[in-house]
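S.K.:
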Amino acid sequence: MGDLKLHGTASSPFVYRVIWALKLKGLDYEYVEEDLSNKSDLLLKYNPVYKRVPVLIHGGKPVAESSVILEYIEETWPHNPLLSADPHEKAVARFWSKFGDDKRPTIVGILIKVGEEQEKAIQDSLEVLKILEEHGLGEKEFFGGETIGLADMALGWMAYWMCMMEEAAGVKLFEEHKFPRLFKWTRNFKEFPIIKENLPDRNELLAYYKSLRKMID
Ligand SMILES: N[C@@H](CCC(=O)N[C@@H](CS)C(=O)NCC(=O)O)C(=O)O
Numbered sequence: 082m083g084d085l086k087l088h089g090t091a092s093s094p095f096v097y098r099v100i101w102a103l104k105l106k107g108l109d110y111e112y113v114e115e116d117l118s119n120k121s122d123l124l125l126k127y128n129p130v131y132k133r134v135p136v137l138i139h140g141g142k143p144v145a146e147s148s149v150i151l152e153y154i155e156e157t158w159p160h161n162p163l164l165s166a167d168p169h170e171k172a173v174a175r176f177w178s179k180f181g182d183d184k185r186p187t188i189v190g191i192l193i194k195v196g197e198e199q200e201k202a203i204q205d206s207l208e209v210l211k212i213l214e215e216h217g218l219g220e221k222e223f224f225g226g227e228t229i230g231l232a233d234m235a236l237g238w239m240a241y242w243m244c245m246m247e248e249a250a251g252v253k254l255f256e257e258h259k260f261p262r263l264f265k266w267t268r269n270f271k272e273f274p275i276i277k278e279n280l281p282d283r284n285e286l287l288a289y290y291k292s293l294r295k296m297i298d
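In this text, residue positions in the sequence shown follow my numbering: the first is 82, and each later residue adds one.
So, in structure tokens, the structure goes:
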């Protein structure tokens, strides 16, 4: 589909959630890698408000903000749904997706903060994990129910990016014995074929986070 383009950057979990959704729908698209230290004129034109990736361009019209893009993809191509048809299940998926986005800065704090502030980020992050463990999944395999959906994609950064943030920061929060349901979800998520085949290189991501940490320490 020549009229579908995605502007992204290789390490971004926000970009990957869009890639996963496009792949799940079986949509062809052109990927345009952006250098965020030297943003292209097209990115500035397509997302003049936030100037961030991802931006999806469909038929020349841009859609920005990953959560908005996921909803756009779902509405435009309803096959292989990302959301249940049931309004309440849909609302629950959106709730957890928003929860993950709201709490992401807390967890990123373990990587980018030091001293007492980092300690606070660790304690707050443990609380976030506890909430997801106790209230998020229940007996379900995925946040989306029996199969992967919008909430899983939105929370995907926890399944893959978070452990590298922990490693770079020299802390360990997300342990199987403390969060068994959530841990099982991360395994199911990463084993899901479309996810497994579309993840950034682990070593490159870890090296990036370590270099970030080195600048802070
Ligand atoms: N809320 C946005 C966040 C996107 C975001 O933070 N993108 C980063 C890359 S991971 C970016 O483009 N940063 C460049 C900048 O902020 O100048 C979304 O969900 O799309």
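Even glycine gets a Cβ: it sits at the ideal position worked out from N, Cα and C.
Note that the coordinates shown come from a computational prediction; the quantities given were computed from them, not determined experimentally.
Could you check if residue 267 is buried or exposed, using at least 16 other CB atoms within 10 Å of its CB as the buried criterion?
M.R.: It counts as buried.
S.K.: Please determine if the region 143-154 and the region 201-217 are in contact, where contact requires at least 3 C-beta pairs separated by less than 8 Å.
M.R.: The region 143-154 is not in contact with the region 201-217.
S.K.: If we count the other Cβ atoms within 10 Å of its Cβ and call it buried at 16 or more, is residue 247 buried or exposed?
M.R.: Buried, since its Cβ has 16 or more Cβ neighbours within 10 Å.
S.K.: Return yes when the C-beta of residue 90 is under 7 Å from any heavy atom of ligand 1, and no when it is not.
M.R.: Yes, Cβ of residue 90 sits closer than 7 Å to a heavy atom of ligand 1.
S.K.: Are the CB atoms of residue 158 and residue 106 nearer to each other than 8 Å?
M.R.: Taking 8 Å as the Cβ cut-off, residue 158 and residue 106 qualify as a contacting pair.
S.K.: What did DSSP end up calling residue 112 once you bin it into helix, strand or coil?
M.R.: Three-state result, residue 112: strand.
S.K.: Residues near ligand 1, CB to any non-hydrogen atom under 6 Å, in chain order?
M.R.: Spelled out in chain order, the answer is 90, 93, 95, 117, 132, 133, 134, 135, 146, 147 and 148.
S.K.: Mapping the DSSP letters down to three states, classify residue 166 as helix, strand or coil.
M.R.: In this structure, residue 166 counts as coil in the three-state DSSP scheme.
S.K.: Going by CA-CA distance only, name the one from 120, 118 and 181 that's closest to residue 210.
M.R.: Among 120, 118 and 181, the Cα nearest to that of residue 210 is on 181.
S.K.: Helix, strand or coil for residue 288, going by three-state DSSP, please let me know.
M.R.: Reduced to three states, the DSSP call for residue 288 is helix.
S.K.: Is it true that the region 83-99 meets the region 109-125, where meeting means three or more beta-carbon pairs spaced less than 8 Å apart?
M.R.: Segments in contact, yes.
S.K.: For residue 128, count neighbouring C-beta atoms within 10 Å of its own C-beta (all shown protein chains included) and say buried if the count is 16 or more, exposed if not.
M.R.: Buried.
S.K.: Based on DSSP bridge pairs, tell me the residues matched to residue 88.
M.R.: The partner list for residue 88 (beta bridge, DSSP) reads 113 and 136.
S.K.: Using the three-state DSSP reduction, which class does residue 222 fall into: helix, strand or coil?
M.R.: In the structure shown, residue 222 sits in coil (DSSP, three-state: anything other than H, G, I, E or B).
S.K.: Just to check my reading of the structure: residue 260 and residue 240 have Cβ atoms closer than 8 Å, yes? What is that Cβ distance to the nearest angstrom?
M.R.: That belief does not hold up - the Cβ atoms of residue 260 and residue 240 are roughly 12 Å apart, past 8 Å.
S.K.: Assign residue 298 to buried or exposed, taking buried as 16 or more other Cβ atoms, counted over all protein chains shown, within 10 Å of its Cβ.
M.R.: Counting Cβ neighbours within 10 Å, residue 298 comes out exposed, since fewer than 16 surround it.
S.K.: I need the DSSP call for residue 144, collapsed to helix, strand or coil.
M.R.: In the structure shown, residue 144 sits in a strand (DSSP, three-state: E or B).
S.K.: So residue 134 and residue 189 are in contact, right, with Cβ under 8 Å, and what is the actual spacing, rounded?
M.R.: That pair is no contact at about 17 Å.
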